[in-house]
Amino acid sequence: MTRKFSELRAKMSPERRAKNDTAIKAALAEMPLNELRNARGLSQKMLAQTLHIQQPAIAKLEKRTDMYISTLRSHINAMGGELEVIARFPDGDVRIANFSQI
């Protein structure tokens, strides 16, 4: 017998629901580019068309661990987002402005 998630969630304690919500937010806050693209409902082909490149270039880019900030910014912009570079320190975060005009 299958049950709806909403039914299972309704039976959870408020503490358990809060813990699940925190875990979901953490998972969505950090993900590889291919998962981000999928979460945005885009295929590699769709993104390639937006960037005026071939689909294999998207596959290659999503596997890279090192790339230019301008390349990453173009990729994020094509998905409808905006890239910001933030340095995190124990005493606070600093948005790096050098890259905002690239």
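Counting in this note's numbering, the sequence shown runs from 370 upward without gaps.
In this text, a Cβ means the ideal position worked out from N, Cα and C, and glycines have one as well.
Since we're looking at a predicted model, the values are computed, not measured.
CB-CB length for residue i against residue j, believed under 8 Å
{"i": "L430", "j": "T440", "result": "7 Å"}
Where residue i sits in the DSSP three-state scheme
{"i": "S375", "result": "helix"}
{"i": "Q418", "result": "helix"}
{"i": "E399", "result": "coil"}
{"i": "R385", "result": "helix"}
{"i": "Q424", "result": "helix"}
Legend entry - Three or more C-beta pairs below 8 Å linking the region 373-388 and the region 409-423: no
Inset, instruction - Could you tell me which uninterrupted beta strand (DSSP E) segments, each at least 3 residues in length, are contained entirely in the region 434-467, listed from first to last along the chain? - result: 455-458 and 461-464
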